[in-house]
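Enquirer: Here's a structure for you.
Protein chains: 2
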Amino acid sequence: MALIFNKACIIGVGLIGGSLARAVKENSLVGEVSGYSRHEEQLKLAFELGVIDRYSTNLAEAVTGCDLIVLATPLKAMPSILQMLVGLVNDDVVITDVGSAKRGVIKAVENAFGGIPAGFVAGHPIAGTEKSGVEASFAELYQDRCVILTPTQETDTQAVEKVSQLWQGAGAEVVVMTADHHDEVLAATSHVPHVLAFSLVDTLAKMQEHNEIFKFAAGGFRDFTRISSSDPQMWRDISLENGDAILSVLNRFQQSIDELKQAIQKQDGQSIEAIYRRAKQARDEHVIN
Amino acid sequence: MALIFNKACIIGVGLIGGSLARAVKENSLVGEVSGYSRHEEQLKLAFELGVIDRYSTNLAEAVTGCDLIVLATPLKAMPSILQMLVGLVNDDVVITDVGSAKRGVIKAVENAFGGIPAGFVAGHPIAGTEKSGVEASFAELYQDRCVILTPTQETDTQAVEKVSQLWQGAGAEVVVMTADHHDEVLAATSHVPHVLAFSLVDTLAKMQEHNEIFKFAAGGFRDFTRISSSDPQMWRDISLENGDAILSVLNRFQQSIDELKQAIQKQDGQSIEAIYRRAKQARDEHVIN
């Protein structure tokens, strides 16, 4: 397979950026991969683990000669990185990102560059674990996962094509949609479940007998709350960036909870069972275990 | 190891009753295990699978000569079974159950027998899968799991001791507490998570683009919603039987969600992160993955 890019710079070499670096190297999709981060120890570790070929804590140096830049930092760090990139990259450089909320990133690109550069392809790989850091990265993270790209009207179609090929080369299926639609869908399937899991565990932890409560947690509880072990800062950022869509899904959800509470209060077994039955059917049909 | 009981009758030979039958036979805790159910095919299947030694669809016949009766039917069926048992059992027979809500079962026993028989030991093994039926049963289901017993003041301590030994022989840890406390703890760690998972999946299924939404569900969503594949009838019964405790936890939870919504609206990252951080800490500390 021919190289898709000659030189890539991964900005932020954690679980997501590190796994992409491993995947593109393992599948010979990119000639050389450099790394940039504000945290030198992390870069050093990534280099020692063979995840990246070279690194620099100087952004200009890190991106020199690159035809691909991947922003894989936490969402919160992206605006300042984008400001720093202005003037460092030519028009023909492809820039993509892996942020979990797309409207915010696109706005930050617009603010930094005074418009959307033709080479900017907003993206989001639907993959991850509750772990973080380059030491948790692995080349197969994107195998059989979905990557959503949300190009704007300004985005060059060739840039979209090349970023698609990159993710496909890493084993992923690529889907293109608008940023608005992405943010709504992800609020429903990822952001709200995380918010609910964090919130439930915090609610229980505040109940007096919490040590004892957790003692009687069975497998269902372990599965249900696994995502509440995720990185609090990352999820704070997502909650802030995609707040509107999250609030909208939470409101719908609270209505459903209110209906269910009423059914329990009225001892209306038929309505309760109907809700549970629809849910079981939808999950059994659409979600693979 | 000496036999703990000579003859046991398991009433309702599904996942829970069938797994107990397998465990007591495999560990030689009971001399003979008979099965009773209103569904003859299920009994036949249980017999053919070697889960029970004999069976009858006549309750009097099934319990004849038994010194242990285990009610392992759905919660909803227990009151009528208990009514049928009156007059069929001597005072020295030990009766226990596996119901997920304990106040309701104890009330049903009281109603049927006009008081709590000394041999009745209410119990609840914290074990199960999202599957059901005797074909899903296995002897190791209770290995290293908790079984909660909730004896009343009327319960004979020797009966409690023997039921404890039975569960311990099946590999479980036995904990004794009041029925009230059991119902509160289980509402928090099991019933409310199920209610939330059912309700969220139903909410998403009602959103127009639901086929597409589920397509972008990642591992976190799969884990979070796994329990929404559970048996709708069983969870309807639990929701009805333990309604008060479930509503109380749901109300606390809705308050937490309201606080989080306010923090998102105000873009108050500090409060959001504090909630997520407390939740992660509690889960990492108390729940084994």
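Chains H and S are the protein sequences, given in the same order.
All residue numbers for the first sequence refer to the working numbering, where the first residue is 1 and numbers rise by one.
All residue numbers for the second sequence refer to the working numbering, where the first residue is 1001 and numbers rise by one.
Ideal Cβ placement from N, Cα and C applies to all residues, glycine included.
Using the Cβ count rule (16 or more neighbours within 10 Å means buried), how would you classify H/Gln42?
Expert: Buried, because 16 or more other Cβ atoms sit within 10 Å of the Cβ of H/Gln42.
Enquirer: Is H/Leu71 closer than 9 Å to H/Asp91 when the C-beta atoms are compared?
Expert: Cβ atoms of H/Asp91 and H/Leu71: not closer than 9 Å.
Enquirer: By the DSSP assignment, the beta strand (DSSP E) with H/Pro79 in it spans what residues?
Expert: That residue, H/Pro79, is in no beta strand (DSSP E); its alpha helix (DSSP H) goes Met78 to Leu85.
Enquirer: Tell me, please, whether the CB atom of H/Ala217 is closer than 9 Å to any CB atom in chain S?
Expert: Cβ-Cβ to chain S under 9 Å: yes for H/Ala217.
Enquirer: Less than 9 Å between CB atoms is the rule here; does S/Leu1015 satisfy it with respect to chain A?
Expert: Considering every chain present, this structure includes no chain A. Its protein chains are H and S.
Enquirer: Under DSSP, the beta strand (DSSP E) around S/Glu1285 begins and ends at which residues?
Expert: It is not in any beta strand (DSSP E) - S/Glu1285 instead sits in the alpha helix (DSSP H) that spans Gly1269 to His1286.
Enquirer: Below 7 Å on C-beta distance, what does H/Ile257 contact in chain S?
Expert: Ser1199, Leu1250 and Gln1254, listed in chain order.
Enquirer: Out of S/Leu1015, S/Phe1253 and S/Glu1032, state which residue places its alpha-carbon closest to the alpha-carbon of S/Ser1132.
Expert: Taking only the C-alpha atoms, the option nearest S/Ser1132 is S/Leu1015.
Enquirer: Looking at H/Gln143 and H/Leu29, is the spacing between their C-beta atoms short of 9 Å?
Expert: No.
Enquirer: When you compare the segment 220-232 of chain H with the segment 187-198 of chain H, are there three or more beta-carbon pairs, one atom per stretch, that lie closer than 8 Å?
Expert: Verdict: yes, contact present.
Enquirer: Just to confirm my understanding: we take S/Ser1239, look at its own chain, exclude 5 residues before and 5 after, and list those with CB closer than 8 Å. What are they?
Expert: Taken in chain order, the residues that qualify are His1191, Val1195 and Ile1246.
Enquirer: Please decide whether H/Ser190 counts as near chain S, where near means a Cβ-Cβ distance under 9 Å.
Expert: So yes, H/Ser190 belongs to the interface.
Enquirer: Return no unless some Cβ of chain H is closer than 9 Å to the Cβ of S/Asp1284.
Expert: Closer than 9 Å to some Cβ of chain H, the Cβ of S/Asp1284 qualifies, so yes.
Enquirer: Comparing the C-beta of H/Met84 with each C-beta of chain S, is any distance below 9 Å?
Expert: So no, H/Met84 is outside the interface.
Enquirer: From H/Glu48 to H/Ala101, what does the alpha carbon distance come to, in whole angstroms?
Expert: Going from the Cα of H/Glu48 to the Cα of H/Ala101 covers about 31 Å.
Enquirer: Secondary structure at H/Glu40, three-state DSSP: helix, strand or coil?
Expert: Looking at H/Glu40 - three-state DSSP - the assignment turns out to be helix.
Enquirer: Mapping DSSP to helix, strand and coil, what is H/Leu68?
Expert: Three-state result, H/Leu68: strand.
Enquirer: Using a Cβ-Cβ cut-off of 9 Å, state whether H/His194 counts as contacting chain S.
Expert: Chain S contact via Cβ: present.
Enquirer: Take S/Arg1236 as the anchor and find which of S/Thr1057, S/Lys1076 and S/Val1051 has the nearest alpha-carbon.
Expert: Ranking S/Thr1057, S/Lys1076 and S/Val1051 by Cα distance to S/Arg1236 puts S/Lys1076 first.
Enquirer: Among the residues of its own chain, which have a CB less than 6 Å from the CB of H/Pro79, if the five just before and after it don't count?
Expert: Excluding residues within five positions, the ones whose Cβ falls inside 6 Å are Ala108.
Enquirer: Of the choices H/Val13, H/Val24 and H/Gly99, whose alpha-carbon is the least far from that of H/Gln168?
Expert: Nearest option by C-alpha distance: H/Val24.
Enquirer: Taking Cβ-Cβ distances shorter than 7 Å, what residues in chain S pair up with H/Phe5?
Expert: By Cβ distance, chain S contributes nothing, its closest Cβ being about 26 Å from H/Phe5, past 7 Å.
Enquirer: Residues in the same chain with beta-carbon distance under 8 Å from S/Leu1003, minus the five sequence neighbours each way, listed in chain order, please.
Expert: Excluding residues within five positions, the ones whose Cβ falls inside 8 Å are Ser1028, Leu1029, Val1030 and Gly1031.
Enquirer: Just the chain S side, please: which residues come within less than 8 Å of H/Met207 by C-beta, in chain order?
Expert: Ordered by position in chain S, the residues that pass the 8 Å Cβ test against H/Met207 are Ala1188 and Arg1252.
Enquirer: Enumerate, from N- to C-terminal direction, the unbroken alpha helix (DSSP H) stretches of 4 or more residues contained entirely within the segment 203-255 of chain H.
Expert: The qualifying runs are 210-215, 219-225 and 232-241.
Enquirer: How should S/His1039 be labelled, buried or exposed, when 16 other C-beta atoms within 10 angstroms of its C-beta is the threshold for buried?
Expert: By the neighbour-count rule (16 or more Cβ atoms within 10 Å), S/His1039 is not buried but exposed.
Enquirer: Nearest chain S C-beta to H/Arg54 closer than 9 Å, yes or no?
Expert: Answer no: the Cβ-Cβ gap between H/Arg54 and chain S never drops below 9 Å.
Enquirer: If contact is defined by three or more beta carbon pairs under 8 Å, each pair taking one atom from either stretch, is the segment 168-182 of chain H in contact with the segment 145-154 of chain H?
Expert: These segments touch.
Enquirer: Give me whichever residues DSSP pairs with S/Glu1173 in a beta bridge.
Expert: The partner list for S/Glu1173 (beta bridge, DSSP) reads S/Cys1146.
Enquirer: Which residues does DSSP pair with S/Thr1096 in a beta bridge?
Expert: DSSP output for S/Thr1096 lists S/Val1070 and S/Val1121 as bridge partner(s).
Enquirer: So, is S/Asn1242 buried or exposed, given that buried needs 16 or more other C-beta atoms within 10 angstroms?
Expert: By the neighbour-count rule (16 or more Cβ atoms within 10 Å), S/Asn1242 is buried.
Enquirer: Compare the C-alpha of S/Val1033 against each of S/Asp1053, S/Leu1045, S/Ser1019 and S/Lys1044 and name the closest.
Expert: With distances taken between Cα atoms, S/Val1033 lies closest to S/Asp1053.
Enquirer: Flag S/Leu1043 as yes if its beta-carbon sits less than 9 Å from any beta-carbon of chain H, otherwise no.
Expert: Output row for S/Leu1043: interface = no.
Enquirer: Can you tell me whether S/Val1195 is helix, strand or coil according to DSSP?
Expert: S/Val1195 falls in the helix class under three-state DSSP.
Enquirer: Might you give, ordered along the chain, the residues of its own chain that have their beta carbon closer than 7 Å to the beta carbon of H/Arg145, omitting 5 neighbours on each side?
Expert: Excluding residues within five positions, the ones whose Cβ falls inside 7 Å are Pro125, Ile126, Ala127 and Ala172.
Enquirer: Between the Cα of S/Leu1045 and the Cα atoms of S/Ala1136, S/Glu1259 and S/Lys1280, which residue gives the shortest distance?
Expert: Checking every option, the nearest Cα to that of S/Leu1045 belongs to S/Ala1136.
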